[in-house]
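Going by the working numbering, the sequence shown opens with residue 2, and the numbers climb by one from there.
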Amino acid sequence: MNIDFNLYMNDIVKQAREDMERAGYTQLTTPEEVEAAFDKKGTTLVMINSVCGCAGGIARPAAAHSVHYDKRPDNLVTVFAGQDKEATAKARGFFTDYPPSSPSFALLKDGKICTMIERHEIEGHDPMSVVNKLQQYFEQYCEEV
């Protein structure tokens, strides 16, 4: 049996993108979209998506469930590392003092980085511990909905 790797990966990427869209996140696929999203006033949660099975399979459910909370970000967006490279690079330019990490989360307020949850804080943890960490940051930086 011969499996086309690119077709296989396209299915995985498509599913990972759809997971985030169903959770209410807006896909940012160009540097211009990143710039426009990060220019918005208020708080913005950025999920740096990844096909990494070990951490991505924890981060996506955490991203979806974390927003069911009294305080949450005004804007939910996602860039896809390894897929939308220019958009991801533009987003990472805002994450000063943090090395590239995917999957990960960045919380911005008025376009400035407040905090990040990096891959090492996701991989090997259960989704609920990541949800709890995100919600602690929502409590600190976000307004009640």
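Quick reminder that beta carbons are idealized off the backbone N, C-alpha and C, glycines included. Computed from a prediction, not measured in an experiment: that's the story for all the values here.
Inter-residue Cα distance where the pair is residue i and residue j
{"i": "E19", "j": "D98", "result": "30 Å"}
{"i": "S105", "j": "D85", "result": "15 Å"}
{"i": "Y26", "j": "A88", "result": "15 Å"}
{"i": "N133", "j": "D5", "result": "39 Å"}
{"i": "G58", "j": "E122", "result": "13 Å"}
{"i": "D111", "j": "F139", "result": "14 Å"}
{"i": "Q28", "j": "E22", "result": "7 Å"}
{"i": "R120", "j": "L135", "result": "13 Å"}
{"i": "M10", "j": "N3", "result": "14 Å"}
{"i": "K15", "j": "H126", "result": "24 Å"}
{"i": "E33", "j": "L8", "result": "28 Å"}
Cβ neighbours of residue i in the same chain (closer than 8 Å, five flanking residues each side left out)
{"i": "M117", "result": "F96, Y99, S102, S105, F106, A107, L108"}
CA nearest to the CA of residue i, picked from the options
{"i": "I13", "options": "R61, V52, D127", "result": "V52"}
{"i": "Q137", "options": "H121, C115, E87", "result": "C115"}
{"i": "V131", "options": "M10, A82, M48", "result": "M48"}
{"i": "T31", "options": "E119, A90, N3", "result": "A90"}
{"i": "V35", "options": "G94, N3, E119", "result": "G94"}
Residues near residue i in its chain [Cβ-Cβ closer than 6 Å; skip 5 each side]
{"i": "G43", "result": "D75"}
{"i": "E124", "result": "C55, A56"}
{"i": "A60", "result": "P104, I123"}
{"i": "L46", "result": "P74, L77, L108"}
Test item: CB-CB of residue i and residue j under 7 Å
{"i": "V80", "j": "A65", "result": "no"}
{"i": "A38", "j": "V68", "result": "no"}
{"i": "A82", "j": "P128", "result": "no"}
{"i": "N50", "j": "A17", "result": "yes"}
Cutoff 7 Å; reference residue i; Cβ partners in own chain excluding five residues on either side
{"i": "D40", "result": "G112"}
*Do the segment 134-146 and the segment 70-87 meet, that is, are 3 or more Cβ pairs less than 8 Å apart?*
yes
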